[in-house]
Amino acid sequence: MSQLSEEAIAKITQSVADGFDEQIAYTQELIRMGGQRGHEADVMDWVFKQYNDRGWNPIRIGMDEKELSQHIGAGRFSETHSQVPIIIGTHKPKGEAKGKSLVLNGHLDVVPLGPTDMWKADPYSGLIEGDRLYGRGAGDMRSGAAANVWALDALRRIGLQPASEIILQAVVEEESTGNGTLMAHLKGYKADAALIPEPMQEQLVRANVGVLWFQIEVRGRPVHVREMATGSNAIDSCWKVIGALRGMEEEWDQRYSSQQYFQDEKHPLNLNVAIVKAGDWASSVPAWCQVDCRIAIVPGVSAQSAADEIEKKVADFAANDAYLSQNPPKVRWNGFFSEGYVLEPGSEAENVLRKAHQQATGEELTTQTSTAYIDARVHSLYDKIPAMVYGPIAGDIHGFDEWVSIESVKRVTTAMALFIAEWCGVEEI
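In structure tokens form, the structure reads like this:
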């Protein structure tokens, strides 16, 4: 691996700047196409064409539920699981590789909008105000998915290309199961390192939680409200179960408070009570209640052991409740079933990224612990390669008026282009 000259650094930096207006327009186009769970086909088709136009010979890989279900890291399928294929593009060097290979991964699925009247503008407008580009997915992570493409375009603009293999992964299901990137793993797409430009405030993720999704269902005894005392309210009962899980959440946070890289996190293992569906009639005691939840686990804890503990907590609580002991709640696993990971310090890939970041920003690269799910766990746990999550400054992701800093996107794209050039080497086109 040869180091970049000062002249090469300057040329690559200038090339990113020269193409940056087009890069932002490309990112706006990605935002405007939407792509919530199960409805990513349009944006994925557009990305397929972009890969094809650049000579990356893209292919589509469908979601294979049977194959995925046999892997320990697979998220659980539900009726809302996306069936949109992932896209793999591949850059090949002219001859024998002169550097190291790289996966550039990015997810194209986005989360729901919430009430759109609480947004300052159309959530899919790609509005620009000052340094901020707004829209659902602007930060998480259409800007990063665009940077994967435009970092390579910056090299192409000055007549260069990576001298080693680049595997570009455009995936879905990152927001719900992680099965898109896992599907790429199952098909054998692997490199010497992976880079995922999630919105990480220009920091590198050192450690990341695992995540589980589950649904609690409680059945009640419906009666007319005039006889309420003779029935059993499923909503009230379900909320008692949630209270027991809140106690478990607090216990977990205390249990793992000294876990390496989590000591400074006040509340890393958040239980999120996210979706509530219940009842049929305002004047009938509700006969059913379903609550969808999400909880996190620290690296080193298996998803299965956490699931077992959750099921036992629910069962033990129900056993001591007069009604629930005869009508036990059901627990269903309906999404993430993933484990956390640690990016061990000191890898060659990290050292090259640190140098690239310093060249692009003038600052030393710092690290963070992520308490949200990231697809890098697939590359880290199962490919067993350095999986680096590093991306732009963003805000209000998953909320109203999601935004990404335009200048930060430029800095990160520059760092990515410089990293690729040194890690993979470059050759003339």
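Residue numbers for the sequence shown follow my numbering, beginning at 142 and rising by one. Think of the CB as a built atom: it goes at the ideal place given N, C-alpha and C, for glycine as much as any other residue.
>> The alpha helix (DSSP H) that contains Y167, what's its start and end?
In response: By 1-based counting over the sequence shown, the position of residue 167 is 26. It spans F161 to R173 - the alpha helix (DSSP H) in which Y167 sits, taken as one unbroken run.
>> Let's test the definition: count the other Cβ atoms within 10 Å of the Cβ of M459 and tell me whether it reaches 16, buried, or not, exposed.
In response: Residue numbering aside, residue 459 sits at position 318 when the sequence shown is read from its first letter. Looking at the sequence provided, one finds Ala at residue 459 rather than Met. A459 is buried by the Cβ-count criterion.
> So A516 packs on V312, CB below 8 Å; how close in whole Å?
Replying inline: Reading the sequence shown from its first residue, position 375 is the one you call residue 516. Reading the sequence shown from its first residue, position 171 is the one you call residue 312. Residue identity check: residue 516 is Asp in the sequence provided, not Ala. Rounded, the Cβ-Cβ distance is 7 Å, consistent with contact.
>> Taking only three categories from DSSP, how would you classify S546?
In response: As a first step, residue 546 is located in the sequence shown; it is residue number 405 there, counting from the start. S546 falls in the strand class under three-state DSSP.
> Would a C-beta distance cut-off of 8 Å place G481 and V439 closer than the cut-off?
Replying inline: In the sequence shown, residue 481 corresponds to position 340, counting from 1. In the sequence shown, residue 439 corresponds to position 298, counting from 1. Yes, Cβ-Cβ distance for G481 and V439 is below 8 Å.
> If S219 sits next to N475, beta carbons under 8 Å apart, how far is it from one beta carbon to the other, in whole angstroms?
Replying inline: Here residue 219 corresponds to residue number 78 of the sequence shown, with the count starting at 1. Here residue 475 corresponds to residue number 334 of the sequence shown, with the count starting at 1. Confirmed, about 4 Å.
> Using the C-alpha atoms, what's the distance from L465 back to V426?
Replying inline: Taking the first residue of the sequence shown as 1, we reach residue 426 at position 285. Taking the first residue of the sequence shown as 1, we reach residue 465 at position 324. One C-alpha to the other measures close to 16 Å.
> Beta carbon of S479, beta carbon of G321: below 8 Å?
Replying inline: Your numbering for residue 479 matches position 338 in the sequence shown. Your numbering for residue 321 matches position 180 in the sequence shown. No, they are not a contact pair.
> Exposed or buried, which one is E148 when buried takes at least 16 other CB atoms within 10 Å?
Replying inline: For this step, residue 148 is matched to residue 7 along the sequence shown. By the 10 Å Cβ count, E148 comes out exposed.
> With distances taken from CA atoms, which of M389, H408 and T507 is nearest E452?
Replying inline: To locate residue 452, count along the sequence shown from 1; it is residue 311. Relative to E452, the option among M389, H408 and T507 whose CA is nearest is M389.
> Since L243 contacts I570 with CB under 8 Å, what's their CB separation in whole angstroms?
Replying inline: Taking the sequence shown and counting its residues from 1, one reaches residue 243 at position 102. Taking the sequence shown and counting its residues from 1, one reaches residue 570 at position 429. With 8 Å as the limit, L243 and I570 do not qualify as a contact, their Cβ atoms being about 18 Å apart.
> Comparing alpha-carbon positions, which option in A158, G540 and H248 lies nearest M185?
Replying inline: The count along the sequence shown starts at 1 and reaches residue 185 at position 44. Per the Cα distances, H248.
> Between the region 332-340 and the region 552-569, do three or more beta carbon pairs fall short of 8 Å?
Replying inline: yes
>> So for M142, helix, strand or coil by DSSP?
In response: For this step, residue 142 is matched to residue 1 along the sequence shown. Here M142 sits in coil by DSSP.
> Out of curiosity, what's the CA-to-CA distance linking Q211 and L323?
Replying inline: The sequence position of residue 211 within the sequence shown is 70, counting from 1. The sequence position of residue 323 within the sequence shown is 182, counting from 1. Those two C-alpha atoms are separated by around 12 Å.
>> Please state whether the Cβ-Cβ distance between L484 and R495 is less than 8 Å.
In response: Within the sequence shown, numbered from 1, the residue matching residue 484 stands at position 343. Within the sequence shown, numbered from 1, the residue matching residue 495 stands at position 354. Cβ distance not < 8 Å, so L484 and R495 don't count as in contact.
>> Rounded to whole angstroms, what is the Cα-Cα separation between V225 and Q177?
In response: In the sequence shown, residue 225 corresponds to position 84, counting from 1. In the sequence shown, residue 177 corresponds to position 36, counting from 1. For V225 and Q177, the distance between alpha carbons rounds to 11 Å.
> So what does DSSP say about N411, is it helix, strand or coil?
Replying inline: On the sequence shown, position 270 is the one that residue 411 refers to. Looking at N411 - three-state DSSP - the assignment turns out to be coil, as it is neither helix nor strand.
> Since W474 sits in a beta bridge, which residues does DSSP pair it with?
Replying inline: One-based indexing of the sequence shown puts residue 474 at position 333. W474 is bridged to F355.
> For A292, which residues of its own chain have a beta-carbon under 7 Å away from its beta-carbon, when the five flanking residues on both sides are left out?
Replying inline: In the sequence shown, counting from the first residue as 1, residue 292 sits at position 151. Cβ-Cβ distances below 7 Å link A292 to T554, M557, A558 and I561 in the same chain, with the five nearest sequence neighbours on each side left out; the list follows chain order.
>> I'd like to check one pair, P533 with V545: are the Cβ atoms closer than 8 Å?
In response: Looking up residue 545 in the sequence shown gives position 404. Looking up residue 533 in the sequence shown gives position 392. Taking 8 Å as the Cβ cut-off, V545 and P533 qualify as a contacting pair.
>> In whole angstroms, give me the CA-to-CA distance for A295 and D449.
In response: Along the sequence shown, one-based indexing puts residue 295 at 154. Along the sequence shown, one-based indexing puts residue 449 at 308. Distance between the alpha carbons of A295 and D449 is about 49 Å.
>> What residue range does the beta strand (DSSP E) around E568 cover?
In response: For the purposes of this step, residue 568 is taken as residue 427 along the sequence shown, with counting starting at 1. From DSSP, the beta strand (DSSP E) with E568 extends over V567 to E569.
> Do you know how far the Cα of E314 is from the Cα of G487?
Replying inline: Stepping through the sequence shown from its first residue, residue 487 is reached at position 346. Stepping through the sequence shown from its first residue, residue 314 is reached at position 173. Near 31 Å, if we compare the C-alpha coordinates of E314 and G487.
> Tell me which same chain residues have a C-beta within less than 6 Å of the C-beta of G420, skipping the five on either side of it?
Replying inline: Numbered from its first residue, the sequence shown carries residue 420 at position 279. Same-chain partners within the cutoff: P427.
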